[in-house]
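Residue numbers (the UniProt record's numbering): 1 to 393.
What follows is the structure, given as structure tokens:
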């Protein structure tokens with residue numbers, strides 16, 4: 001989760017909070033790590049911003065969430081905690097010192113948890129997580145959605161609030177879909193139909209379409225639909241032909257999950273972050289000491305067809321390109337019989353990819369638009385043989 005919070009200058013840092021286990025590469029002991037950057041390329045780490053409390057709504061874990069900038073310019077974090085009853089609940093945190101441009105320290109609301117499953121609201125206590133960035137409606141109320149499910153019906157539960165502290169569950173979800181399973185890390189945001197510029201999360205009206213992204217727990221991939229947010233009824237309506245399941249549009253056809261966008265108001269761009277989850281088996285990534293990485297940030301916008309999103313690495317990535325340097329080294333071995341024999345087979349690409357039975361491999365297909373006036377259709381198929389190698393036919 002990233003956010004640029006304005007403190008009066010164009011060089012205000014971007015703050016990035018993310019899952020981190022300080023004790024190893026395995027899942028567990030999760031804290032919210034914190035890093036800052038001026039360019040989304042070079043990062044400075046800071047102490048963890050949020051850790052589980054000794055008591056309260058996140059005693060058994062602090063999970064995903066989002067930042068929102070309130071009307072007074074103050075940033076707040078709404079995230080999922082796991083309470084003493086192992087229920088998934090929603091917890092609020094605020095900066096301890098709002099004048100600190102790095103926002104190092106955060107404090108939790110004494111009113112936590114702000115949203116919780118009860119017998120009255122019939123929310124699934126084990127499937128109620130990952131609140132989005134909130135948006136402001138024309139009635140002055142904040143709105144936020146939280147991923148959930150009822151059996152295999154995935155849904156985005158909608159809450160509203162006047163003060164960002166006292167929340168009321170809507171009588172209906174923002175959207176739902178049958179046979180899609182748990183909706184993790186939902187993301188709901190507007191895109192412009194007229195330009196590649198990003199727009200604020202609360203933007204509605206003419207020249208705007210809306211995107212609902214879902215991370216499907218059953219497939220561990222991110223899917224999205226493009227549609228329209230009906231602000232009078234507080235429902236999201238996907239465009240005709242959109243698919244609300246694992247056959248729908250995807251951000252990425254490789255490893256890419258639990259993604260999140262934010263609006264950079266300085267550059268007026270919608271920026272996409274995503275987690276490249278680990279492909280190696282557990283013993284191997286534990287041995288290497290790390291698991292998973294963050295993908296290169298991408299800016300996204302609506303295609304001219306208005307049927308899908310376009311994405312491209314942020315321009316700052318270009319600064320990583322440097323001039324090539326070729327270096328020749330010569331040396332002499334005085335006693336050849338003492339030279340160490342090196343077996344180069346460990347660098348064999350096939351052994352590292354298609355012949356490695358432990359890597360995650362699959363085959364992908366796609367729908368294409370065909371011009372009926374052409375007599376010939378050329379088809380190029382791709383087969384992923386490892387997370388880094390692809391065959392093209």
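No residue lacks a Cβ here, since even glycine has one placed at the ideal position from N, Cα and C. It should be emphasised that the depicted structure is a prediction, and the values quoted were computed from it without experimental measurement.
Through-space distance from residue 247 to residue 253, alpha-carbon basis:
12 Å
For residue 57 and residue 31, believed in contact at Cβ under 8 Å, the rounded distance
About 16 Å separates the two Cβ atoms, so there is no contact after all.
Residue 249 and residue 261 - do their beta-carbons sit closer together than 8 Å?
no
Would residue 231 and residue 138 be called neighbours here (beta carbons separated by less than 8 Å)?
yes
Across which residues does DSSP place residue 209 in a beta bridge pair?
191
Assuming residue 43 and residue 33 are in contact, meaning their beta carbons sit under 8 Å apart, how far apart are those beta carbons, in whole angstroms?
Not a contact, Cβ separation roughly 11 Å.
Taking its Cβ as the centre, do 16 or more other Cβ atoms sit within 10 Å of residue 184, making it buried, or is it exposed?
buried
Exposed or buried, which one is residue 146 when buried takes at least 16 other CB atoms within 10 Å?
buried
Here's a check: name, in chain order, each residue in its chain whose Cβ is nearer than 7 Å to the Cβ of residue 217, leaving out the five neighbours to either side.
181, 182 and 184
Can you check whether the CB of residue 130 is closer than 8 Å to the CB of residue 80?
yes
Does the segment 263-277 touch the segment 288-299, meaning 3 or more C-beta pairs lie closer than 8 Å?
yes
What are the partner residues of residue 62, as DSSP defines its beta bridges?
81
With DSSP as the reference, please indicate the residues paired to residue 47 in a beta bridge.
According to DSSP, which records beta bridges pairwise, residue 47 is partnered with nothing at all.
Our contact map puts residue 191 next to residue 26 with C-beta atoms below 8 Å; I'd like the distance itself, whole angstroms only.
That belief does not hold up - the Cβ atoms of residue 191 and residue 26 are roughly 37 Å apart, past 8 Å.
Report, in whole angstroms, the separation of the C-beta atoms of residue 213 and residue 224, which I expect to be a contact under 8 Å.
4 Å
What is the rounded straight-line gap between the Cα of residue 105 and the Cα of residue 13?
16 Å
Please go through the same chain and pick out, in chain order, the residues whose beta-carbon is closer than 8 Å to the beta-carbon of residue 162, but skip the five residues on each side of it.
140, 141 and 142
Can you list, in chain order, the residues of its chain whose CB lies under 6 Å from that of residue 160, leaving out five sequence neighbours each side?
141, 143 and 168
Between residue 136 and residue 156, is the Cβ-Cβ spacing less than 8 Å?
no
Return the Cβ separation of residue 317 and residue 300 in integer angstroms, given the expectation that the two are a contact with Cβ distance under 8 Å.
Between residue 300 and residue 317 the Cβ distance is about 15 Å, and since that is not below 8 Å, they are no contact.
Just to confirm my understanding: we take residue 9, look at its own chain, exclude 5 residues before and 5 after, and list those with CB closer than 7 Å. What are they?
Residue placement at residue 9 cannot be trusted, given a pLDDT of 47 that sits under 50; the coordinates are not used to answer.
What are the boundary residues of the beta strand (DSSP E) that residue 149 is part of?
142-150
Using three-state DSSP, classify residue 108 as helix, strand or coil.
strand
Just to confirm my understanding: we take residue 71, look at its own chain, exclude 5 residues before and 5 after, and list those with CB closer than 8 Å. What are they?
136
Residue range of the alpha helix (DSSP H) that residue 283 falls in?
282-288
By DSSP, does residue 70 sit in helix, in strand, or in coil?
coil
Quick check: the Cα distance between residue 15 and residue 125, rounded to an integer number of angstroms?
31 Å
By a C-beta neighbour count over all protein chains shown, 10 Å radius and 16 as the cutoff for buried, is residue 311 buried or exposed?
exposed
Residue range of the unbroken beta strand (DSSP E) whose run includes residue 114:
Per DSSP, residue 114 belongs to no beta strand (DSSP E) and is neither H nor E.
I need the boundaries of the beta strand (DSSP E) containing residue 334, first residue and last residue.
Run containing residue 334: none; DSSP gives neither H nor E here.
For residue 37, which residues of its own chain have a beta-carbon under 8 Å away from its beta-carbon, when the five flanking residues on both sides are left out?
13, 14, 16, 43 and 44
Any idea if residue 172 is buried or exposed, counting beta-carbon neighbours within 10 angstroms, 16 or more meaning buried?
exposed
Select from 128, 66 and 344 the residue whose C-alpha is nearest the C-alpha of residue 150.
128
Residue environment, residue 97, which counts as buried when at least 16 other CB atoms sit within 10 Å:
exposed
Distance check for residue 187 and residue 373, CA to CA, integer angstroms please.
39 Å
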